Amino acid sequence: MSTTQAVEESDETLALQQGRPPLNVVYEWLTTVDHKKIGLMYIAYALVFLLVAGVEALLMRIQLAIPNNHFVSPQVFNQLFTMHGTTMIFFVGMPILFGFGNYLVPLMIGARDMAFPRLNAFSFWISAFAGILLYFSYVGASGLYAAGSAPDVGWFAYAPLTARVFSPGHSTDYWTLAIFLSGIGSIGTALNIVTTIVSMRCKSMKMSRMPLLVWLYLVMAALVFVAVSPLTAAQIMLTLDRYLGAHFFDTQAGGSAVLWMHFFWIFGHPEVYVLVLPAFAFVNEIVPVFSRKAIFGYPAMVAASVGIGFISLSVWAHHMFTVGMDAAANTFFVFATMVISVPTGIKIFNWLATIWGGKVIFATPMIFCVGFLFQFLIAGLTGIMLSAAPFDWQLGNSYFVVAHFHYVLVGGILFALFAAFYYWYPKITGRMMSEKLGKWHFWLFLIGFHLTFDFMHVPGLLGMPRRIYTYEAGRGWGALNFLVGVGAIFQAAGLLCFLYNMIRSYYHGKEASHDPWDAWTLEWSTTSPPPDYNFATVPTVNSRRPLWDLKHPEDPDSDYE
Amino acid sequence: MRDANAIPIESIDGPVETPWTLPYRGTVGMACLILAEAAIFVIFVVAYIFYLGKSVSGPTPREVLELPIFGTICLLSSSITVHFAVSALRQGKLRNCSLHLAGTVLLGLIFLITTAQEWYHLIHDEGLTIQTNLFGSTYYSLVGLHATHVVVGLLMLSLVLGFSLFGLVKEEHSEKLEVLSLYWHFVDGVWVVVFLVVYVLGR
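So the protein lines, in turn, are chains A and B.
Add 31 to the 1-based position in the first sequence for our numbering, that's all there is to it.
Add 973 to the 1-based position in the second sequence for our numbering, that's all there is to it.
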C-alpha cells in the first residue's frame, strides 16, 4: 500500500525533476495531462480570479460605504456587480472545486490518473480560455457601437435586457460566450470525475467503501450534467437571438422573459449545490480526522447527499416568487425548498455527532470547519425564511437576499475551502502551512465575515434593494453600509495573510511527512508530494479507512463494516 | 497487505482473489455525455412546446410542416445497421462490419438530405426563417441542433468506416465501436422525441 523505499530509489522520474531549465518546466505544465498538475492549475487560476473578483467587491463596498458617493459611476457599478458575480461563480467557485476534485479523487480511490487525461486537460484549458475571454471584454467589447466595455447585465442576465436593442455592443456576447465555454469545460470535467469514480477504483474499493469526499464529488458531477447543460442551451438561444434574429426572449414577438428566468434558475439553484457539495466533502474528511473518530452515520451521509442532489432539481422557482406565479406553483416550490433542509440538517447533526465525545484537535483546518458549521447553519436558517413565499415577496431582491447567499458562499463554502487548503497543503507541497499565520487568517477573516454579512441583513430588512449604486442620506442605511465596508477590509487582510502563508510555507514551512495529520484515506499513504504515478503498487482496501487498518492491525475497521 | 489478523474478514468477504471488474470507462463516459446532451435537448423541446401557438404572425406549423416519413425510416434503420456492425465486429467478421458501417453512413446521409430539402422548401417556398416568428426560431434551433448531432455522428462513423476499409478496425476495437453506436442510438432516440413533438403533437 505505501510507497516502498526500494521503489523510490529506483524511480527515475524523481531524478528528472532536478535542475531543469525553466522553459522545460513551463512546457511541461502547459502540455501536462497529469491530474495533479491540472488540479493545481485549476486552483491557481481560480485564486487569481478570486483576487480580481475580490477587488471588484472592495470597489463596490467603497462606493456604498457612505451615502451619495461618487467613487465609481453607475455604469461602472453595474459592470462591477456583473463581473463580480459571474467571476465568483464560474471562474472561482467551479474551477477551485474541480481543482480539488481533480487532485484528490484519483488519490483517494487508489487510481493513477483520471479516466480521460487528455479530456481533462482540454476541459481545464477551455475553462481558462473562457475566463480570459470574459475579461478581454474590458478591452475588446466596445465593438461597432462603442457602447460600454465589460458586461453589465447582472450575473443572471435577465431578458429582455440582454436583447440587442437594450444591450448594444459586444459586452453581452463576451458574457454569453464565456459562460458557454466554461459550461463545456465543466461538463467535460464532471464527465471525467464520474467515469473515474465508476471505472477506476482500486481493488476491493466497493461503492460502500469510498471516502465520503468521493461520494459527494460523484453527486456533484452528476448534478453538473443536469444543471449546467440547461444554461448552455439557454446561452445558445440567447446567441441565436442576438446574432441571427431569433425571438426566444424577444417580448415584442411574443417571446417570454420569464422563460429565461426559468432556464437560468434551473441551472442557478442546483449550481448552489454543485458548489456546496464539495464543501461538505472537505468537512466530511477533515472533521473526523481532527475529532479522532470515524465519521458518524456514513450511510445516512451518503443518502442525504444523493437526496440533496435530487431535491435540488425541484426548487429553482423559489428565485421567482416575486414574478407572480400561480398559487399552486408557489406552494410547490415553497414545499420543495423547505424539504431540502431535511437532508442538510441530517448532515449538520452527523458532523456534530462526529465531534461529540472526540479528542478534538483545534488545528487550523478544524477551526475553519467549526466556523463552517456555525455559519452554514445560519445561512440555512435565513434560507428557510426566504423559502416562505410571503416573506420573499417582502424581501426579494433586497440586501437580505444578498446577505443570505453570501453567508452560504463565503461563510459556508469559502470557510470549508480554506480548511481544505490547510489540510491538503502538506500533501500537495510536502510542507506544512504555518499554524500561527493560519490562526491570524482565521480570526481576521471571521471578524471581517461577520462584520460584513451579519450587518448586511439589516439594510435589507430596512428596504435597501440590491444593485443600487448609491442611496440618499437619512434612510438609516449609512452606518450599516459603512460597517459592511469595514468588514470587507478585514476579509481582504485575512485573505492576504492566507496567500502570504501559502507562499512562505512553500519555501520555509516545516517539512511534512507522508501523513502529517495521522489520517485514514489513501492519499496519505503515498509520498508528499505524490509521485507522477501516485502509487508504486496499486493499493487494495478492506474498509473505509484503509490507513487505520494498516496502523491498527489489532483492531481493523473491516471487523465492523 | 493482508496479515493473519485479516483472516476472519476474508471469511465474510469471500476469498481475496475475487475478480475485480469495473464498467468500461468509454461506456460510462458516453452515458454521462448522453445525460448532459439530453438535458440540453430537454430545454429546447420545452421551449418548442412552450411557444406552440404563441407566434404573433404566420406561418404556423399546421400550414407548412409535412411528416418526414422517409427520412425518419432511414434514420431509425441506421440504428439497426450500426447495431449489426458492432455485433459483426465482436464476432470478428470484419467485412460484414464495414458493410454495415457503410449502410449506416448512407442512411444517415439520406436523412440529412431530406432535412436539407425540407429546410429549402420552408425557406424558399414558404418564407419561414429563424427570424420570421417564434415557430421559426424554435423549429430551426431544435431540428438544427439535432441535425448538428447527426453531422457529428456521421463524421465519426465515416472515420471508423475509413479505418475499417484500410483494415485497421479489429475485433479488439468492438468495445470502442459500441461506445460510438451508443451515441448514434441516442441521436436516433432524440429524433423520435423531435418527431413526436414537432410533427405529430405540434401540428
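Positions of the beta carbon are idealized from the N, C-alpha and C atoms, including for glycine.
Everything numeric in this text was worked out from a predicted model, so none of it was measured.
Asked: For P105 of chain A, which of helix, strand or coil comes out of DSSP?; Found: helix
Asked: Using the rule of at least 16 other Cβ atoms within 10 Å of the residue's Cβ for burial, across every protein chain shown, is I1022 of chain B buried or exposed?; Found: exposed
Asked: Taking the alpha carbon of I163 of chain A as the point to measure from, which residue in A:W474, A:P496, A:S372, A:V83 has its own alpha carbon closest?; Found: A:V83
Asked: Enumerate in chain order the residues of its own chain whose CB-to-CB distance from P584 of chain A is below 6 angstroms, with the five nearest sequence positions on each side excluded.; Found: none
Asked: Closer than 9 angstroms between beta carbons: that is the criterion. Which residues of the region 269–291 of chain A meet it against chain B?; Found: L271, D272, L275, G276, A277, H278, F279, D281, Q283, A284, G285, G286, S287, L290
Asked: Taking its Cβ as the centre, do 16 or more other Cβ atoms sit within 10 Å of W246 of chain A, making it buried, or is it exposed?; Found: buried
Asked: For the alpha helix (DSSP H) that K1143 of chain B lies in, which residues bound it at each end?; Found: From DSSP, K1143 of chain B is part of no alpha helix (DSSP H); its letter is neither H nor E.
Asked: Could you confirm whether any beta carbon from chain A is found closer than 7 angstroms to the beta carbon of V1170 of chain B?; Found: no
Asked: Return yes when the Cβ of V1059 of chain B is within less than 7 angstroms of the Cβ of E1144 of chain B, no when it is not.; Found: no
Asked: In the structure shown, what three-state DSSP assignment does S429 of chain A receive?; Found: strand
Asked: Apply the 10 Å Cβ neighbour rule to L61 of chain A and answer buried if 16 or more other Cβ atoms are within range, or exposed otherwise.; Found: exposed
Asked: So, do the region 303–320 of chain A and the region 350–365 of chain A have three or more beta carbon pairs nearer to each other than 8 angstroms?; Found: no
Asked: Touch check for the region 394–403 of chain A and the region 462–482 of chain A: three-plus C-beta pairs under 8 angstroms?; Found: yes
Asked: For S429 of chain A, which of A:L492, A:I379, A:K378 has the nearest alpha-carbon?; Found: A:L492
Asked: According to DSSP, simplified to helix, strand and coil, what is E1148 of chain B?; Found: helix
Asked: Out of A:L477, A:I317, A:A567, which one is the CA nearest neighbour of G141 of chain A?; Found: A:A567
Asked: Can you give the beta carbon distance from L1080 of chain B to L1048 of chain B, rounded, assuming they're within the 8 angstroms contact cut?; Found: 7 angstroms
Asked: Excluding the 5 residues preceding and the 5 following H435 of chain A in the sequence, name in chain order all residues of the same chain whose CB lies nearer than 7 angstroms to its CB.; Found: A410, T413, G414, L417
Asked: Taking the straight line between their C-alpha atoms, what separation do you get for R1063 of chain B and H1056 of chain B?; Found: 11 angstroms
Asked: Using a beta-carbon distance below 7 angstroms, is T220 of chain A in contact with chain B?; Found: no
Asked: Can you check which of these residues, A:P98, A:F321, A:N361, A:A77, is closest to R506 of chain A by C-alpha distance?; Found: A:P98
Asked: Please confirm whether Y500 of chain A and P105 of chain A have their CB atoms less than 7 angstroms apart.; Found: yes
Asked: Consult DSSP for E503 of chain A and reduce its assignment to one of helix, strand or coil.; Found: coil
Asked: Apart from the five residues just before and just after P490 of chain A, which ones in its own chain have a Cβ nearer than 6 angstroms to its Cβ?; Found: Y430, W508, L511
Asked: Any beta carbon of chain B sitting closer than 7 angstroms to that of V257 of chain A?; Found: yes
Asked: Would T263 of chain A be called buried (16 or more neighbouring beta carbons within 10 Å of its own) or exposed?; Found: buried
Asked: Work out the CA separation of A550 of chain A and M268 of chain A for me, nearest whole Å.; Found: 49 angstroms
Asked: For R535 of chain A, which residues from the same chain have a beta carbon less than 8 angstroms from its beta carbon, with the 5 sequence-adjacent residues on both sides left out?; Found: S465, L468
Asked: Tell me, please, whether the CB atom of P261 of chain A is closer than 7 angstroms to any CB atom in chain B?; Found: yes
Asked: Give me the Cα-Cα distance between Y176 of chain A and Q406 of chain A, rounded to the nearest whole angstrom.; Found: With a pLDDT of only 46 at Y176 of chain A, under the threshold of 50, the placement of this residue in the model should not be trusted; the figure read from the coordinates follows. About 46 angstroms.
Asked: Nearest chain A C-beta to L1150 of chain B closer than 7 angstroms, yes or no?; Found: no
Asked: Can you grab the Cα-Cα spacing for the pair A384 of chain A / L1132 of chain B, in whole Å?; Found: 57 angstroms
Asked: Taking C-beta to C-beta, are S322 of chain A and V401 of chain A nearer than 7 angstroms?; Found: no
Asked: Against R195 of chain A, what residues of chain B qualify as contacts under a CB-to-CB distance less than 9 angstroms, listed in chain order?; Found: Ordered by position in chain B, no residue passes the 9 angstroms Cβ test against R195 of chain A, which lies about 12 angstroms from the chain.
Asked: For A1009 of chain B, decide whether its Cβ has a neighbour in chain A, counting only Cβ atoms nearer than 7 angstroms.; Found: yes
Asked: For my contact list, F80 of chain A and F131 of chain A are in at a C-beta cut-off of 8 angstroms; report their separation, rounded to the angstrom.; Found: In fact, because the Cβ distance is near 16 angstroms, the residues do not count as touching under 8 angstroms.
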